[in-house]
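> Below: one structure in structure tokens.
In the UniProt record's numbering, the protein residues as written are 1 to 84.
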């Protein structure tokens with residue numbers, strides 16, 4: 001009999017987990033809207049933060065398709081905050 005076990009870890013902060021080879025994943029969306037802060041390349045793979053909290057702000061993580069640098073967009077203001 002063969003059994004397998006999958007260990008999962010929970011994180012309470014905005015951490016994307018393993019990012020190796022994400023740029024080769026055909027199911028993830030690609031964008032050219034942001035430049036990588038590390039190398040300046042414009043193509044990146046994007047995915048949404050999956051952590052759970054009281055106020056779920058939408059945070060997107062990006063992985064540069066050239067240098068594999070992880071970065072994220074600026075979080076939006078909470079609904080009760082004024083935006084100038």
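All C-beta atoms, glycine included, are put in the ideal place defined by N, C-alpha and C.
Just so you know, these numbers come straight off a predicted model, no measurement behind them.
Between which two residues does the beta strand (DSSP E) carrying residue 62 extend?
60-64
> Between which two residues does the beta strand (DSSP E) containing residue 46 stretch?
DSSP places residue 46 in the uninterrupted beta strand (DSSP E) bounded by 44-48.
> Does the beta-carbon distance from residue 48 to residue 58 come in below 8 angstroms?
yes
> Opposite residue 70 in the DSSP bridges: which residues?
As computed with DSSP, residue 70 is found in a beta bridge with 63.
> Can you tell me which of 68, 72, 66 and 45 puts its alpha carbon nearest to the alpha carbon of residue 31?
45
> Would you kindly work out how many angstroms separate the C-alpha atoms of residue 65 and residue 33, rounded to a whole number?
13 angstroms
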